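These notes are about the structure you will find just below.
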């Protein structure tokens with residue numbers, strides 16, 4: 000029995016995981032706590048309640064968070080979380096619960112979740128890409144998660160795909176994330192003279208709805224996105240040669256609008272030696288549980 | 000005592016390697032043999048002579064070749080070698096010599112050579128990039144060579160760095176190799192209105208000589224190259240997070256002409272979280288022996 004904790008910008012999910020299934024879960028707000036110590040207290044209390052209410056003992060706690068460094072167990076200056084300093088959250092949770100606790104980057108957690116329980120099972124070489132507020136990635140190579148020398152490998156979202164291209168939130172230009180994040184797709188829609196009314200709703204679902212209703216700019220938005228993402232994925236394949244690429248997160252659930260042009264572009268940008276040796280699929284994990292399963296999978300490394 | 004064999008387009012070097020040093024070597028032509036069997040016979044005979052002449056026994060043979068697949072031991076339809084079919088060279092050499100033989104991609108061999116004996120010693124995460132007729136790469140991740148699912152990982156030369164950019168020999172457009180190979184640099188020089196007389200000499204040394212004599216187009220050629228290579232290297236770092244990037248091969252020996260603008264561009268294109276955590280150097284192996292050492296290092300995996 001494992002506990003998986005997924006820390007998001009607004010809320011944090013805590014789940015009890017048994018054999019790749021979330022058997023119980025709860026949610027607490029990420030912000031609004033007095034400080035990071037109070038947040039760690041709240042996490043520990045939620046974990047205690049979950050195990051007590053279900054009459055279970057947990058052997059390990061996995062925590063997935065943005066800007067988390069698995070080598071150090073520290074959340075490093077996360078721009079989208081309430082605390083701006085470095086938070087050694089693995090140690091803080093372990094001290095409060097007495098249970099072994101592992102902290103990891105949320106995209107790496109998603110990669111491990113997909114690898115242990117989802118579309119990556121049985122593969123030694125896998126690439127998972129998360130498409131949402133940001134673009135993240137986790138690489139499995141030779142049956143191991145790639146952490147890199149300083150624990151910060153797997154930043155496919157900050158691969159430059161257009162030299163001197165769009166400004167990115169990282170301060171550089173032309174990153175994949177500047178095109179393939181929620182913000183990026185919305186910008187593309189406006190650049191294609193899309194209807195600003197459509198964007199009164201947040202996210203990209205509004206663009207998908209417009210596309211399904213025949214909005215030409217919305218359809219084009221997904222075709223352009225497929226081209227940029229196709230380049231980024233093919234470039235990543237040329238580095239690690241995975242057997243499968245899995246897309247994860249809100250934008251990946253846009254269905255055929257994205258996946259049909261993307262499959263075509265991905266093949267087009269793929270070096271010929273990889274043809275027939277890598278496929279491109281969407282996450283096989285249930286939407287609500289995927290992040291918890293991924294966090295729990297951090298403990299199995 | 001190991002034997003390293005480096006198969007190039009025109010000649011093949013065979014060397015006896017002891018503790019990271021080439022103690023004796025010889026060279027045979029790659030082409031001109033009746034068929035691949037005759038070539039394997041010649042390799043086995045050269046290996047036998049080297050060990051006999053030096054009164055040594057070799058415990059293993061490592062063979063580096065373009066388009067070699069380490070997982071299968073086969074040279075797969077190499078465009079720059081005399082044989083157009085698939086050649087199971089590891090097995091052919093092993094049968095003829097009775098010595099365990101390992102075949103690997105030449106860029107992977109270079110990466111292993113640099114890792115065991117050169118600028119990558121002691122590092123768990125390393126990237127080696129070869130700059131020459133083609134652009135190749137070998138990635139060490141978690142202390143292991145990255146082969147990928149089908150044995151063909153590490154094709155940084157075919158990462159798309161300019162969408163819809165220059166035609167590449169692979170049939171696609173905008174690959175790093177189309178800009179950073181010998182052919183690519185020569186093309187850049189012409190596009191910058193360089194003097195066609197300079198290119199009457201082969202290779203890029205002629206452009207370097209012109210640059211040193213103050214030729215503006217030649218100087219610009221290296222600055223443009225630094226920009227494209229800077230993007231490609233920074234993109235690769237964002238995937239595997241190596242502690243060091245090592246440049247290898249003829250173009251890497253252009254000295255400050257390339258390295259001064261490259262160090263600047265590399266930092267510029269590098270995501271901030273990698274600053275100070277990865278450095279960029281040129282090969283620390285002696286030029287003539289590097290490929291033999293790399294091939295020998297294939298046997299130590």
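Protein chains in written order, with our numbering: chain G, 0 to 300; chain R, 0 to 300. We treat Cβ as the ideally placed atom computed from N, Cα and C, and that holds for glycine. What you are looking at is a predicted structure, and each value in this text was computed from that prediction instead of being measured.
Less than 6 Å between C-beta atoms, sequence neighbours within five positions excluded: which residues of the same chain meet that for residue i?
i                      : result
residue 126 of chain R : 138, 235, 241 and 244
residue 248 of chain R : 129, 130 and 131
residue 79 of chain R  : 8 and 65
residue 197 of chain G : 205 and 209
residue 25 of chain R  : 13 and 45
Whole angstroms are fine: how far does the CA of residue j sit from the CA of residue i?
i                      : j                      : result
residue 35 of chain R  : residue 255 of chain G : 49 Å
residue 107 of chain R : residue 8 of chain G   : 41 Å
residue 99 of chain R  : residue 211 of chain R : 47 Å
residue 158 of chain R : residue 134 of chain R : 10 Å
residue 231 of chain G : residue 175 of chain G : 7 Å
residue 44 of chain R  : residue 38 of chain R  : 10 Å
residue 3 of chain R   : residue 67 of chain R  : 15 Å
residue 73 of chain G  : residue 150 of chain G : 10 Å
residue 275 of chain G : residue 109 of chain R : 28 Å
residue 286 of chain R : residue 253 of chain R : 13 Å
residue 273 of chain R : residue 279 of chain G : 29 Å
residue 101 of chain G : residue 102 of chain R : 40 Å
residue 83 of chain R  : residue 75 of chain R  : 8 Å
residue 168 of chain G : residue 54 of chain G  : 45 Å
residue 238 of chain R : residue 238 of chain G : 8 Å
residue 95 of chain R  : residue 271 of chain G : 33 Å
residue 218 of chain G : residue 136 of chain G : 26 Å
residue 77 of chain G  : residue 105 of chain G : 12 Å
residue 88 of chain R  : residue 33 of chain R  : 16 Å
residue 119 of chain G : residue 58 of chain R  : 39 Å
residue 195 of chain R : residue 31 of chain R  : 33 Å
residue 233 of chain R : residue 162 of chain G : 12 Å
residue 85 of chain R  : residue 93 of chain R  : 17 Å
residue 200 of chain G : residue 222 of chain G : 21 Å
Hey, residue i and residue j are a contact pair by Cβ (cut 8 Å); roughly how many whole angstroms apart?
i                      : j                      : result
residue 299 of chain G : residue 60 of chain G  : 12 Å between Cβ atoms; not a contact.
residue 293 of chain G : residue 63 of chain G  : 6 Å
residue 160 of chain G : residue 170 of chain G : With a Cβ gap of about 16 Å, residue 160 of chain G and residue 170 of chain G do not count as contacting.
residue 117 of chain R : residue 1 of chain R   : Contact doesn't hold; Cβ gap of about 16 Å is too wide.
residue 296 of chain R : residue 47 of chain R  : Contact flag wrong, Cβ pair sits at about 22 Å.
Quick check on DSSP: helix, strand or coil for residue i?
i                      : result
residue 29 of chain R  : coil
residue 226 of chain G : helix
residue 156 of chain R : helix
residue 98 of chain G  : coil
residue 174 of chain R : strand
residue 20 of chain G  : strand
residue 143 of chain G : strand
residue 3 of chain G   : strand
residue 68 of chain G  : strand
residue 277 of chain R : coil
residue 166 of chain G : strand
residue 53 of chain R  : coil
residue 307 of chain R : This structure leaves residue 307 of chain R out entirely; chain R is present only between 0 and 300.
residue 104 of chain R : strand
residue 203 of chain R : coil
residue 11 of chain G  : strand
Can residue i and residue j be called in contact, C-beta distance under 8 Å?
i                      : j                      : result
residue 65 of chain R  : residue 29 of chain R  : no
residue 207 of chain R : residue 191 of chain R : no
residue 291 of chain G : residue 21 of chain G  : yes
residue 181 of chain R : residue 202 of chain R : yes
residue 144 of chain R : residue 246 of chain R : no
residue 50 of chain R  : residue 42 of chain R  : no
residue 147 of chain R : residue 214 of chain G : no
residue 177 of chain G : residue 165 of chain G : yes
residue 17 of chain R  : residue 11 of chain R  : no
residue 121 of chain G : residue 289 of chain G : no
residue 128 of chain R : residue 140 of chain G : no
For residue i, which residues in the same chain have their Cβ closer than 7 Å to its Cβ, ignoring the five residues on either side in sequence?
i                      : result
residue 225 of chain G : 257, 260, 261 and 264
residue 267 of chain G : 229
If you measure from the beta carbon of residue i to each beta carbon in chain B, is any gap under 8 Å?
i                      : result
residue 188 of chain R : Of the protein chains in this structure, namely G and R, none is chain B.
Counting only the same chain and skipping the five closest in sequence on each side, list residues whose C-beta sits under 8 Å from that of residue i.
i                      : result
residue 179 of chain R : 130, 134, 156, 224, 227, 228, 231 and 250
residue 277 of chain R : 236, 240, 241, 242, 243, 244 and 269
residue 220 of chain G : 184, 187, 188, 191, 193, 206 and 210
residue 27 of chain R  : 10, 11, 13, 41, 42 and 45
residue 70 of chain G  : 146, 149 and 150
residue 90 of chain R  : 72 and 100
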